[in-house]
């Protein structure tokens, strides 16, 4: 399957799963909403341009907003993580590594620890943005931080499950294979 | 110029990010009720603070007129004092009540609170007055506002912690129920947006005898204003042959341009009346 088709299918699946499965779960202790859809942005190929990344982030957030009737809330969070993603990858990976070996970020291509760092930081930023924009107040810094941390933990567990269930077999990129 | 273009080209991705972020936040604040409410509250508070600083300067230009209007108000009140009346009937004796507790307080219907005007416009199609008194000082939505000469100025439409925004009579959606003082015929006072001193009293029945200079007062049917507050004076009648009612042009009693102080009216019995109406409607 080509990268484009694969990502289009992913886009639809993530939105549908988020809207019709995860959003139906009542928030645990009114605290934690399980979010998974933004994994789409984290899984986009390394080669994608920064501007197209921003546009895709906006589209993803906007689609979710259209379903949950919160226009702009998730779009803002997704645009933010789409903007930060390239900087983070630059910090975590050396240039040769990411350009030569694999197509998209994964434990295989980045190494386990950098990959988990990458997931955690972007998940945390996404959650903080969504929570802050939806409440427009923190309600006490401790409460806010704990809420964001719990939500991040839940999201990370979901991401882990997704990785285990749908293993992404990535070919080693060589000059001839692409 | 060239440098500016180069600068923009270098940081184009960043500007693009700002653009998309701005778009998202715009959607967030304009299509979601809660976020919109928080935004307007904060914006109101910030704008109010700036306005009150600016008003500290402009206030000086109106000191003379403000003083005059306050002196007039005082004069009017002095004339209402009980000591000013002497009763010749010897069976009645005037006793001044020195009790601390005002026994009339429980029957009070309207409570007046003074407020400083910090911003005021007269030349817009929709004009607003900003008062330096807000929710923390007992103001809430839908309270009536009058000027020191007891002329109606408008209605509170938005409150934040320390400021309130008043929809002035000079607003396209302003609608106050008025009454001709002489004949008692009622009508609706609106503004057509053309002249900053002229209001229109609509739907006055054609049986009314109206002269130039007649006083128009509040009817008391509205829960915001007590009856008998000044609205304005009749200028002339627009006689529309095709309709069964008069439209009267009224010169407003309040000089909106020099307004520096206002009184906000709280109706203490509003809830009781509303509860009663609700009960009737639910039957």
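Residue numbers (the working numbering), protein chains in the order written: chain A, 1 to 178; chain B, 1 to 283. The beta carbon of each residue, even a glycine, is placed where N, CA and C say it ideally should be.
Beta carbon proximity, residue i to chain B, threshold 8 Å
| i | result |
| --- | --- |
| residue 51 of chain A | yes |
| residue 153 of chain A | no |
| residue 79 of chain A | yes |
| residue 118 of chain A | no |
| residue 115 of chain A | no |
| residue 66 of chain A | no |
| residue 189 of chain A | Nothing about residue 189 of chain A can be reported from this structure: the residues present for chain A run from 1 to 178 only. |
| residue 133 of chain A | yes |
| residue 136 of chain A | yes |
| residue 102 of chain A | no |
| residue 83 of chain A | yes |
| residue 7 of chain A | no |
| residue 178 of chain A | Residue placement at residue 178 of chain A cannot be trusted, given a pLDDT of 43 that sits under 50; what the coordinates show is reported in the next sentence. No, because no Cβ of chain B sits closer than 8 Å to the Cβ of residue 178 of chain A. |
Residues that residue i contacts on chain A, provided the C-beta gap is smaller than 8 Å
| i | result |
| --- | --- |
| residue 32 of chain B | 70, 71, 72 and 73 |
Chain A contact for residue i (CB, 8 Å cutoff)
| i | result |
| --- | --- |
| residue 17 of chain B | yes |
| residue 26 of chain B | yes |
| residue 38 of chain B | yes |
One or two residues paired with residue i in a DSSP bridge
| i | result |
| --- | --- |
| residue 251 of chain B | B:198 and B:233 |
| residue 205 of chain B | B:245 |
| residue 66 of chain A | None; residue 66 of chain A has no bridge partner. |
| residue 167 of chain B | B:128 and B:155 |
| residue 120 of chain A | Note: residue 120 of chain A sits in no beta bridge, so no partner. |
| residue 120 of chain B | B:129 |
| residue 111 of chain B | B:266 |
| residue 179 of chain B | B:186 and B:217 |
| residue 17 of chain B | For residue 17 of chain B, which the question treats as bridged, DSSP gives no partner whatsoever. |
| residue 238 of chain B | B:247 |
| residue 145 of chain B | B:154 and B:264 |
Contacts of residue i in chain A (Cβ-Cβ under 9 Å)
| i | result |
| --- | --- |
| residue 180 of chain B | The contacting residues do not exist; residue 180 of chain B stays about 49 Å from chain A at best. |
Residue i: contacting residues in chain A (beta-carbon distance under 7 Å)
| i | result |
| --- | --- |
| residue 20 of chain B | 54, 58 and 79 |
| residue 13 of chain B | 50 and 51 |
| residue 35 of chain B | 136 |
Residues that residue i contacts on chain B, provided the C-beta gap is smaller than 8 Å
| i | result |
| --- | --- |
| residue 61 of chain A | 24 |
| residue 88 of chain A | Here the premise fails: no neighbours, minimum Cβ distance about 15 Å. |
Interface partners of residue i on chain B, CB under 7 Å
| i | result |
| --- | --- |
| residue 76 of chain A | 21, 24, 25 and 28 |
Query - Residues within the region 31-58 of chain A neighbouring chain B, beta-carbon criterion of under 8 Å - result: 50, 51, 54, 55, 57 and 58
Query raised in the report: Could you give the uninterrupted runs of the beta strand (DSSP E) lying entirely in the region 32-65 of chain B, keeping only those of 3 residues or more?
Result: none
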